[in-house]
Amino acid sequence: MKKFDIQNERVPRSRVGWEVAAATREMTVGHGTVRIQRNGDFHSVVTILENYDGTWRKTHGMDDVPMYKVQNYGLKSYPDAATMAASGDVEKKNPDDTDFTDIWELTQRLAAPDSPEKFAWLRANLALPEIANYTAHTVVTRRWDTGSRNFYMVKNPQTLRWQVLAWDFDLVFNNGADGTGPFLTPRIDRPGIWQNLFKMPDFRAMHFRRVRTLHDRFLVGNGLVERYDELTAGHASDLNLDYQKWGGISPTTARSNFVAGVQERRREIANGTTSGIIPTSQSATAAPVINEIQAVPGATTPEYLEVYNPGTTGLDISDWSIPAIGLSQLVPGTVVPPQGYLVWSNDDAKLVSAFGGDFIAGGVFSGDLADTGEEVAVLDGTRVADSVTYATTSPWPGPSGPSLELKDPALDNSVGSNWAFSTDPRRGTAGMRNSVFVTQPPTSTIVFAMGSSWKWYPWAAPNQYWKSPTFIDSAWKTGAGPLGFRSTQKTTINTAVGRYCYYFRKTFDIGTGTRTGVTLRLRRDDGAVIYVNGKEVARSNMPAGTITHTTRAKSDVLPGKQGTTYSIALPVSAFRNGSNTIAVEVHQFTATATSDLFFDASLIVKP
């Protein structure tokens, strides 16, 4: 340690936070508790923190990569790199120059209008597994003051993708005293990196699966409180001296606050699980499918290995291993998105150049995929989660440059005849569905999914035509589901107390062709009335008779049940080919200061 900071934090909660981050294998700084004497007399008890300085960077192999400290809304938009450098919002730590072009380009991408191209760039230029680990431990410790500051942006030395390092754990486990709600994600109420990442369904799935993993590791049992007590025990008398001299919160009260903070994290994550935001604990038999192998690449394509997750929630394979390619421990945050792909390569730049990078990359490997075949196993400890022994002789395809692609992830990938050479002109399909996959006729189509965008009315009650397809809703606000307040919503809407009814609408294209069934999957707290193209088609937990903006729902939704999904069959005749409008009014059972609201929906069409 060459340089260090001093934090006026007598109790060890910040050290517990740092230890949680370090235990996830995030790169962190050294820390400790120190008694300070001044002129021979007791002065104080403080926490010292190592800096991310040149000594630290050299030790961690980061002495040759860009590194910036973000503070004061530092990843907002700036007109040019020089303005950003002069603002002081971002402090450059390495290299020692005034060129902010690289970090400025990142802020420009973050500030750009949402588009497939924007999110493809983010997937290709951010180390998403490492960032998912960071966001997850941020949630588990409730490190709430990190929305626009208190973190470092640094380029991964192996891939040169941006990743995030934590800074400042002094306000963790605060029992929700920060007023930021359930805090199941870092703060996304301000433009910047977090708001963008949590618009990406694959990253959201990675984050919430990793939150579950870290919850089960750190919040189940009493380990955090026991560690707090261990760190306190060696300094108990000094802590009391510090309290007697400087006042503030007593050591006893500080411990009680910490215990309450741990309990609050358990409670909010449990609520997020009940509402369907956070998945339940991962099965001990969960496994990815080895889906594509490129062992004999051309000059412009790297060797790579791809796995597929057939499940409906993220699959956390952090700390697993793939010995054949030299990966003895997968990076923390390695989560395969649901029904999605994750790719490792021996050259990340070539991988992005060849395939565009619009997928989750797991990093680079140092091993070699044998040209003539070998066993490739994905190991969870000693458990073989999946294994393929590929070859160049029958029934496997013969030697060739294209990648080996599994014809269908549902097939037995240990059988050579279930594989074929890629027919894609790029000689592979890293991070996407295989070119040799035979598409089966869909049994149903998701027209819009949970978490999609809705218009919502920010005032008391719209006029009677609000549900009509021709109604002009340009003055309405827009937000992604779930929408609501005082719940586990993604978009917080008007929280004015005293209303019984809130209004939402969406225009969408249902396509053409025959429809034999239409199902609305609805999450509502407390009741709802649904209209399609201006006509009422269904009610949920609402009374019979005329509905007005003062009509109450039939019953209250119990705490933790807001995420319950109700499947409602809608009349096929209500829909027409092409554009349709769905309108939903959500009613409260009570309209008091303790009221909450929750709404989201998806529409599924059966051909």
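Count along the sequence shown starting at 1, add 6, and that's the number in the numbering used here. For each residue, glycine too, the CB sits at the ideal point set by N, CA and C.
{"Check": "Extent of the continuous beta strand (DSSP E) to which Q43 belongs", "Outcome": "37-44"}
{"Check": "Alpha-carbon to alpha-carbon, V358 and L128", "Outcome": "12 Å"}
{"Check": "Alpha-carbon spacing of S327 relative to L336, whole angstroms", "Outcome": "6 Å"}
{"Check": "Identified DSSP bridge partners for N100", "Outcome": "M73"}
{"Check": "Cut-off 7 Å between Cβ atoms - residues of its own chain near S423, not counting five sequence neighbours on either side", "Outcome": "P401"}
{"Check": "Own chain partners of A126 with C-beta closer than 6 Å, once the 5 adjacent residues on each side are dropped", "Outcome": "D364"}
{"Check": "Three-state class that DSSP yields for M212 in the structure shown", "Outcome": "helix"}
{"Check": "Beta-carbon proximity check, M642 vs P415, cutoff 9 Å", "Outcome": "Residue 642 cannot be examined here, being either before or after the span of the chain that is shown, 7 to 613."}
{"Check": "Runs of beta strand (DSSP E) lying entirely within the stretch 353-377, each at least 3 residues, in chain order", "Outcome": "366-370"}
{"Check": "C-alpha gap between R41 and G485, whole angstroms", "Outcome": "50 Å"}
{"Check": "Three or more C-beta pairs below 8 Å linking the stretch 254-265 and the stretch 44-58", "Outcome": "no"}
{"Check": "Meets three-Cβ-pair contact criterion under 8 Å: the stretch 107-115 and the stretch 76-86", "Outcome": "yes"}
{"Check": "Where D377 falls, given that 16 or more other Cβ within 10 Å makes a residue buried", "Outcome": "exposed"}
{"Check": "C-alpha distance - R21 paired with A426, whole-angstrom precision", "Outcome": "53 Å"}
{"Check": "Beta-carbon proximity of T325 to Q288, cut-off 9 Å", "Outcome": "Here the sequence assigns Asp to residue 325, which means Thr is not the residue at that position. Taking 9 Å as the Cβ cut-off, D325 and Q288 do not qualify as a contacting pair."}
{"Check": "Collapsed DSSP secondary structure at E309 in the structure displayed", "Outcome": "coil"}
{"Check": "Per DSSP, cross-strand counterpart(s) of L412", "Outcome": "W425"}
{"Check": "Coarse secondary structure for L166, derived from DSSP in three states", "Outcome": "coil"}
{"Check": "Element boundaries [beta strand (DSSP E), containing K496]", "Outcome": "Segment: none, K496 is in no beta strand (DSSP E) and carries neither H nor E."}
{"Check": "A62 in three-state terms, based on DSSP", "Outcome": "Note that residue 62 corresponds to Trp in the displayed sequence, not to Ala. Of the three classes helix, strand and coil, the one that applies to W62 here is helix, per DSSP."}
{"Check": "Straight-line gap, W462 to A481 (C-alpha atoms, nearest Å)", "Outcome": "9 Å"}
{"Check": "Strand pairing of R530, partner residues [DSSP]", "Outcome": "F605"}
{"Check": "Contact the stretch 157-167 vs the stretch 214-232: 3+ CB pairs below 8 Å", "Outcome": "no"}
{"Check": "Three CB pairs or more closer than 8 Å across the stretch 546-566 and the stretch 527-534", "Outcome": "yes"}
{"Check": "Close-in-space but distant-in-sequence residues of the same chain around N419 (CB under 8 Å, 5 per side omitted)", "Outcome": "V295, I296, N297, D392, V394, L412, W425"}
{"Check": "Cα-Cα separation between M438 and I299, rounded to whole angstroms", "Outcome": "13 Å"}
{"Check": "Nonlocal neighbours in the same chain, by C-beta distance under 8 Å from L245, ignoring five residues either side", "Outcome": "R16, V17, V51, T238, P257"}
{"Check": "Bridge partners - A589, DSSP secondary structure assignment", "Outcome": "R511, Y537"}
{"Check": "Proximity below 9 Å, CB of C507 to CB of A550", "Outcome": "no"}
{"Check": "C-alpha gap between D353 and F514, whole angstroms", "Outcome": "41 Å"}
{"Check": "With 16 other Cβ atoms within 10 Å as the buried cut-off, status of L348", "Outcome": "buried"}
{"Check": "T280 and H213 closer than 9 Å at C-beta", "Outcome": "no"}
{"Check": "N-terminal and C-terminal residue of the beta strand (DSSP E) that H49 is part of", "Outcome": "47-56"}
{"Check": "D105 to T596 span [Cα, whole Å]", "Outcome": "57 Å"}
{"Check": "Validate contact between the stretch 92-102 and the stretch 63-76 using beta carbons, cut 8 Å, 3 pairs", "Outcome": "yes"}
{"Check": "CA nearest to the CA of S608, picked from A92, A589, F189", "Outcome": "A589"}
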